[in-house]
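Residue numbers (our numbering): 1210 to 1478.
Every residue gets a Cβ at the ideal spot worked out from N, C-alpha and C, and that includes glycine.
Since the structure is predicted, the reported quantities are computational estimates derived from the model, not experimental observations.
This is the structure we're talking about:
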């Protein structure tokens, strides 16, 4: 009996430790920025412009802007995932500029050369600052908001507040607590979470068509979490399943590239 009780207490202790780690280190689990020196010079095979966008009262966001070599059909605002910096994410411009779209990517506060510290509210503000930067330069119906992984919640939040041409969400999730639960593999109480990133709330109130891309073999964001978004999409929304697709390789699938090309090269109505 004492052995059983001791084992039970050990399980409770381990569970309490996991709760503490998730609560106190939540920011580190979700935000994994790479920092760059202020003098770091980007290197890409195509010309680009480096810009600074003000966010909040004192912070500045580092941004990379690529122009298409064709007559521009609009611009993509690219909201990247939870780790890395623009030296990595800037390379994503190639697919979009090849379709005749200009491309803007930002590093959130605390990422790359951007100042400040990341938080959920800060990232929403960062996304909106970049959106306003583009609205000053493009008609709103020519702005495509593209969210990747963590950035999908920022994209859907923008789509709820503004009227872009469309939203594209690659490897999304319903909300951050469920992502953490899936990665930890344990039931965790809702009160534990300070970061929420609620795609499942924002997608109910969209002002533009929404296109979701999800892989059935995603190891980081289980497919079932993305699938929960399907019934929440507006009538103009599309949920596109990439069979055998994983979290980082959807672009390697011909069907993904074809769908994206069809969506982004469709003439404005």
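In DSSP terms, what residue i is bridged to
| i | result |
| --- | --- |
| residue 1259 | 1273 |
| residue 1315 | 1272 |
| residue 1283 | Paired residues: none, contrary to the question. |
| residue 1293 | 1242 |
| residue 1264 | 1268 |
Candidates the options, of which the one nearest residue i by Cα
| i | options | result |
| --- | --- | --- |
| residue 1242 | 1296, 1355, 1451 | 1296 |
| residue 1413 | 1366, 1283, 1453 | 1366 |
| residue 1444 | 1417, 1466, 1468 | 1417 |
| residue 1335 | 1360, 1369, 1425 | 1360 |
| residue 1419 | 1395, 1472, 1300, 1452 | 1472 |
| residue 1329 | 1468, 1248, 1476, 1240 | 1240 |
| residue 1321 | 1299, 1410, 1475, 1236 | 1299 |
| residue 1425 | 1441, 1442, 1222, 1382 | 1382 |
| residue 1317 | 1345, 1238, 1327, 1464 | 1327 |
| residue 1467 | 1446, 1247, 1422, 1224 | 1422 |
| residue 1251 | 1238, 1271, 1266 | 1271 |
| residue 1399 | 1219, 1462, 1232 | 1232 |
For residue i, the three-state DSSP class (helix, strand or coil)
| i | result |
| --- | --- |
| residue 1356 | strand |
| residue 1447 | strand |
| residue 1335 | helix |
| residue 1379 | strand |
| residue 1321 | strand |
| residue 1245 | coil |
| residue 1224 | helix |
| residue 1231 | helix |
| residue 1305 | helix |
| residue 1465 | helix |
| residue 1395 | coil |
| residue 1410 | helix |
| residue 1420 | strand |
| residue 1288 | strand |
| residue 1428 | coil |
| residue 1403 | coil |
| residue 1328 | coil |
| residue 1554 | Residue 1554 lies beyond the stretch modelled for the chain, which goes from 1210 to 1478, so this question has no answer here. |
| residue 1438 | coil |
| residue 1475 | coil |
| residue 1367 | helix |
| residue 1278 | coil |
| residue 1387 | helix |
Proximity below 8 Å, CB of residue i to CB of residue j
| i | j | result |
| --- | --- | --- |
| residue 1385 | residue 1404 | yes |
| residue 1312 | residue 1285 | yes |
| residue 1408 | residue 1436 | no |
| residue 1324 | residue 1282 | no |
| residue 1376 | residue 1362 | no |
| residue 1388 | residue 1374 | no |
| residue 1213 | residue 1395 | no |
| residue 1343 | residue 1294 | no |
| residue 1340 | residue 1371 | yes |
| residue 1357 | residue 1337 | no |
| residue 1314 | residue 1287 | yes |
- Task: Evaluate the contact criterion for the region 1274-1282 versus the region 1253-1260: three or more CB pairs, one atom per stretch, below 8 Å.
- Result: yes
- Message: Whether or not the region 1456-1475 and the region 1427-1434 are in contact is what I'm after, with contact meaning three or more pairs of Cβ atoms, one per stretch, closer than 8 Å; do they touch?
- Response: yes
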